[in-house]
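One structure is given below, encoded as structure tokens.
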Amino acid sequence: MSFLGRLRQGLSRTKNQLVERFDDIVRRADTPERRSRPVDVETIDALEELLISADIGMPATERIIEAVRRRSRRGESLRDLVKEELRAIFDAADRPVPDEVRPHVVLIVGVNGTGKTTTVGKLASLARAQGAQPLVCAADTYRAAAVEQLEIWAKRAGVDIVRAREGSDPAAVVYDALSAGRARDRSPILVDTAGRLHTRVNLMNELEKIRRIAAREVSGAPHEVLLVLDATVGQNGLTQAREFMGASGVNGIVLTKLDGTAKGGVAVAIAHDLQLPIRYVGVGEGMDDLIPFAPAEYIDALFEEKW
Amino acid sequence: MFDSLSDRLQGVFKSLRGQARLTESNVESVLREIRLALLEADVNFKVVKAFIDRVRDRAMGQDVLRSLTPAQHVVKIVREEMLALFGDTDGGLPPAPRSPRVVLLLGLQGSGKTTTAAKLAAWLARQGRHPILVSTDVRRPAAIQQLNVLGAKAKIRVHDPAGEMDPVVRAAGALREARNTGFDVVIVDTAGRLHIDDDLMVELQAIQSAVEPTDRLFVADAMTGQDAIKSAGEFNRRVGVTGVVLTKLDGDARGGAALSVVSVVGVPIAFVGSGERLEDLEPFHPDRVVSRILGMGDVLSLIEKAEAAIDRDQAERLEQKIRLDDFTLDDFRDQLRTIRKMGPLESIMGMLPGLGNLKQLADNKPDEKQLARIEAIIGSMTPQERRRQDIINGSRRKRIARGSGTTVEEVNKLLKQFVQMRKMLKSIGGMGGGRKGRRKALGMLQSLGQRR
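Protein chains in written order, with the working numbering: chain A, 4 to 310; chain B, 49 to 500.
Laid out in structure tokens, this is it:
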């Protein structure tokens, strides 16, 4: 299935509410005779509400509203204006993924309960499907049964796993995984880390240590540090992103649980405020329900009239 | 990035100094700030709207109380209205109508149900109950095992018939075991599910009719955004939620979702989860979450934590000593140890009003190692030196520095700080203990926070 198809399927509920309400606003405001006039207050308010209720946050919302105010006089359609503005925000955040070095080391980080372990499992499956030979590393030595959970995912995806006992030093497990990965010529190496609140300084320091070890073993590693965000998260997602960027050099976002009614709009806020791109979105519980993110199509999927 | 509501309002009122009444024009700009503050705290915008209307009605045309600035006055109204929304509750569970009590935990994936199940069991055991745990999460890999591990850690019986993969049978089996062997609370952990996943919601209803839970607790992540209102509403429609558990409150999320959930579901918040340890579950106190949403710190939690760490006799002895100006380096070391017992310094400082934002603390981070060094310095003193710090002369300082592996400068610094602290304690010492004294101390803490 194409990206769009998969996304549509996952987003079908997300879409209904957002699109219907957006359609409502547009239907009232976006008539040819009204286009030449400034947008009325009611439309602005409705649009603002819509964006806020998608967790897009005040700064990004204000930017979009401002653009609508400024440009709507020129007779452009409201729908296109909002879409374009969102696209501009995503485009400004886009960065290429470095991929010269083998093994490609990916660190998965985030607060508790966002779906890190599941994401690692799905990423392994995705890499397999693309013909790569991934290795997963269970560096969540804290949460009860986290290693077992990843083991089951690894088995399902048919990939090797490097694990350690509960309570051992995560950096040491990462070291083992990198050595094993090089010896067996595996790439990418996907590292699952324990969930940690970004306010816990000690745990954040542990991530720095993992990074240090990785960089010593493989040049430029970790090449990707993906912050896993739950689509239901609110404005705290922004704080999380900022803190994890500081402590672990996050350079991409994975947005999970997009198959609910939440829109993960805080990713827009993150792209806007921190220029962090979304790399993958999770749209279901199945093995293949993680797909690379494509901003243009994502926005289209959100705002198309009919599918 | 998050300013407390009082800071924001102070800004608005700067231009309005000297106004004795809240007028239509100044109230509107104030309401706008409140609205933004609440939205940034992730309170649902529908809830915000209704809320703002109520505050407007109350604030308009009111005389500002003598003792308060207009900003404080508005904050007072907002606080009161918010507390009214949370209702008059002290958290925890209501008395059970029958035994065994059956508690069903439900919620979205990753909200913290399994952890909460174990924490709740540990809390109930501390109350003298005999809980039994059962996982009905046959979907998430290793979820059952996770509960087994946590149960073993908390020394709580976990009902886990090997190979049984039917959630309803598992739940019913736990209830049967409880009846047969005298457990008085059954805690049923369920798989995380999306509120729009019809199959799984039907499964939840099947579990419900099999065990007829007395309590159906919706477990919600304090970091949830605007969507909280939808998921909570749908779970409530399907199974009738009787209470809410708010988890991950140990982060820096404002927890506005709490307000959304309570407004939608109309049931009290029973517990809050505030850490990764099994003891980190507490009955909910509305005033604390309100303070948090408004960015006003959490002084009460701090005091309670302190009370848990300090043993009462010790505290009384200390008070006596302070009054008699008899506070020694020995006592100082006891104090340090007590503070360290309360938990990591960062989390304690996070509870202080005005210090809530870790960002501001970035260059001023409390250093746990520093405390260890101070302990080492005091440990290298003779008992006599600890009782009478004024006998510590130059050569004694050198010896102490050598003994503790520090420098004379550090020893000097510590002694200087100690003398200052003694002076400060003496001035507070006259205040007297008890509730009244505590409230006074609270006021001082709060004014400290505000002056920043």
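Glycine included, C-beta positions come from ideal geometry on N, C-alpha and C.
Just so it is clear, the structure is predicted and the values come from calculations on it, not from any experiment.
- Look at VAL236(A): its C-beta is under 9 Å from a C-beta on chain B.
- In chain order, VAL114, ASN115, GLY116, LEU200 make up the part of chain A whose C-beta sits under 9 Å from the C-beta of LYS296(B).
- Between LYS266(A) and ARG72(A), the alpha-carbon positions lie close to 24 Å from each other.
- Annotated three-state conformation of VAL176(A) is helix, per DSSP.
- A distance of 9 Å or more separates the beta carbons of VAL221(A) and ILE111(A).
- Here ASP102(A) is actually not in contact with VAL139(A); their C-beta atoms are around 19 Å apart, not less than 8 Å.
- Judged by their CB atoms, LEU206(A) and ALA197(A) are nearer to each other than the 9 Å cut-off.
- Between GLY116(A) and ASP269(B), the C-beta gap is smaller than 9 Å, which places the two residues in contact.
- Within the same chain, Cβ atoms closer than 8 Å to the Cβ of ASP97(A) are found at PRO280, PRO298, the five residues on either side in sequence being excluded.
- Interface flag for MET271(B) against chain A is set, since a Cβ pair is found closer than 9 Å.
- In this structure, LEU181(A) sits near PRO106(A), with a CB-CB distance shorter than 9 Å.
- The alpha-carbon of ALA174(A) is positioned some 53 Å away from that of SER80(A).
- Look at the stretch 248-271 of chain A: the residues with a C-beta under 7 Å from a C-beta of chain B are LYS260, ASP262, GLY263, THR264, ALA265, VAL269.
- Contact annotation: the stretch 280-292 of chain B does not touch the stretch 82-92 of chain B, with fewer than three C-beta pairs closer than 8 Å.
- Residues of the stretch 135-160 of chain B with a Cβ closer than 7 Å to any Cβ of chain A, in chain order: LEU156, GLN157, GLY158, SER159, GLY160.
- Close partners of SER56(A) in chain B (Cβ separation under 7 Å): PHE93, GLN274.
- Under DSSP, GLU227(A) shares a beta bridge with VAL109(A).
- Excluding the 5 residues flanking it on each side, ALA210(B) has no same chain C-beta neighbour closer than 7 Å.
- 9 Å or more divides the Cβ of GLY140(B) from the Cβ of ALA166(B).
- Judged by beta-carbon spacing, GLY285(A) lies beyond the 9 Å limit of LEU277(A), meaning their Cβ atoms are not closer than that value.
- Interface with chain A (9 Å Cβ-Cβ cutoff): LYS201(B) is included.
- At a Cβ-Cβ threshold of 9 Å, PHE93(A) and TYR301(A) count as neighbours.
- Close partners of GLN194(B) in chain A (Cβ separation under 9 Å): ARG146, ALA147, ALA148, ALA149, GLU151, GLN152.
- Residue pairing by DSSP places GLY268(A) opposite no residue, since no beta bridge is assigned to it.
- Within 8 Å of the CB of PRO431(B), no CB atom of chain A is found; the nearest one sits about 34 Å away.
- Residues of the stretch 297-319 of chain B with a C-beta atom less than 8 Å from some C-beta of chain A are ASP298, GLY299, ASP300, ALA301, ARG302, GLY304, ALA305, listed in chain order.
- C-alpha of ARG447(B) to C-alpha of THR430(B): approximately 11 Å in a straight line.
- Boundaries of the alpha helix (DSSP H) around SER251(A): 239-251.
- Residue state for HIS121(B) is assigned as helix, using DSSP reduced to three classes.
- DSSP, reduced to helix, strand and coil, places ILE180(B) within a strand of the structure shown.
- For ALA258(B), the enclosing alpha helix (DSSP H) stretches over residues 246-259.
- For the pair ASP27(A) and LEU54(A), the Cα-to-Cα distance works out to about 14 Å.
- Between GLY223(A) and VAL104(A), the alpha-carbon positions lie close to 8 Å from each other.
- Not a single CB atom of chain B sits nearer than 9 Å to the CB of MET290(A).
- Counting of Cβ neighbours within 10 angstroms places ILE439(B) among the exposed residues, the total staying below 16.
- With a cutoff of 9 Å on beta-carbon distance, PRO225(A) and GLY252(A) are scored as near each other.
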